[in-house]
Amino acid sequence: MSMFRRSFIAACAGATLAAAAGSALAAGKEIKLGYALAQNSHYGAGANGWSQAIDKSLAGKFSIKQFPSSALGGERELIEGLQLGTVEAAIVSTGALSNFVSEVGVVDVPFLFRDTAHARAVLDGKFGQDLLAKFQQRGLIALAWGEQGFRHLTNNKHAVKSVADMKGLKIRVTENPVHITAFRTLGASPTPMSWPEVISALQQGTIDGQENPVSVLASTKLWEVQKHLTLTAHVYAPVVFLLSPSFWGSLSDAEKAAFTQGAKAGANASRVFVDTVEKKGVEEAKSHGMQVVDKVDQAAFRAALEPAYKQYAKKFGQQTLDAITNVK
Ligand code: PAF
């Protein structure tokens, strides 16, 4: 082979390698990030916050591709994807998570948190951080607690003003044993269902109602398929920022720290979003014709839930429930 031909081939190979490396550098390693609602929701705010923080700290190494609106499947499928390593990142509600990490179900106990400040203090404190550490034994890496807000009840049958009005209502609940027990104890007929099926089930009338925070109500325009809203605030709903263990294992210590800090920034962005939407979401629902019951007698709901609380104490330990209640 002539000298000229050898250096021509070497130059071409070099150019090809440089182009490949260049495109990898420009685009970064693609990370799939899935979540249940639209990008302009509190989930999107969290995902944008996380992604922007990674872009800033790890400049061009990773490119986070968002899959909003359950594009990668319902929350159960997303969590399974993380365990299998087919999805790198997700933001998921505790609705589905307690089937994977049973201890997390404790945060779904009705009327456990006094208010948002109490919930945030518990989750950001030792209890919440210890709970995140438990995910690793179940094949998940949990980095931060974001937020949806307090869950409220909507339905198409009648205004719910008291516990008695719950009787017989077919309410979609998450696939979560704590929620199912609560609604059964209140006299409703709880129907566990994955979120992507809910809107059509409400349209077709196979269920009468559902329960979710104002953030979800506003993002999904639930007033288009639901007549009545009761501000029960029965359960505080956090979300968890998660990574797959196989992706986590591929990261250097500095990258792990950047993903963790980024998840905290995203979690905070979801809380800021919820603070805003909670203020205007109910007014928006009213302006679209939703009939709103602004308040219920929470003490009466708690009293009706007494048999459920006995089951929760058995499952999670009364000491754990008291430790949460005692956080100031
Ligand atoms: O009700 C649920 O399943 C969740 O709150 C939702 C709407 C998927 C958001 O995580």
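Residue numbering for the sequence shown follows my numbering, beginning at -13 and increasing consecutively. Ideal placement from N, C-alpha and C gives every residue a C-beta, glycine not left out. Everything numeric in this text was worked out from a predicted model, so none of it was measured.
- Fewer than three pairs of CB atoms, one per stretch, sit closer than 8 Å, so the region 54 to 71 makes no contact with the region 257 to 269.
- Bridge pairing for tryptophan 131: Val226 [DSSP].
- Comparing alpha carbon positions, the residue from Asn162, Tyr21 and Gln297 closest to phenylalanine 227 is Tyr21.
- For the region 147 to 209, the continuous beta strand (DSSP E) assignments of 3+ residues that do not extend past its boundaries occur at 156 to 159, 175 to 178 and 195 to 199, in sequence order.
- The nearest non-hydrogen atom of ligand 1 is less than 7 Å from the C-beta of asparagine 198.
- For lysine 18, the enclosing beta strand (DSSP E) starts and ends at 15 to 20.
- With distances taken between CA atoms, glutamine 284 lies nearest to Asp101 out of Met179, Tyr298, Lys156 and Asp101.
- Shown here for glycine 125: same chain residues with a beta carbon closer than 7 Å to its own, the five before and five after excluded, namely Gln69 and Pro231 in chain order.
- Cα atoms of alanine 286 and leucine 98: separation of roughly 15 Å, rounded to the nearest angstrom.
- No heavy atom of ligand 1 is found nearer than 7 Å to the CB of tryptophan 209.
- The Cβ-Cβ distance between lysine 18 and glutamate 74 falls below 8 Å.
- In this structure, the straight-line span from the alpha carbon of aspartate 94 to that of lysine 147 is close to 22 Å.
- Checking the 7 Å criterion, the Cβ of glutamate 61 is within range of a heavy atom belonging to ligand 1.
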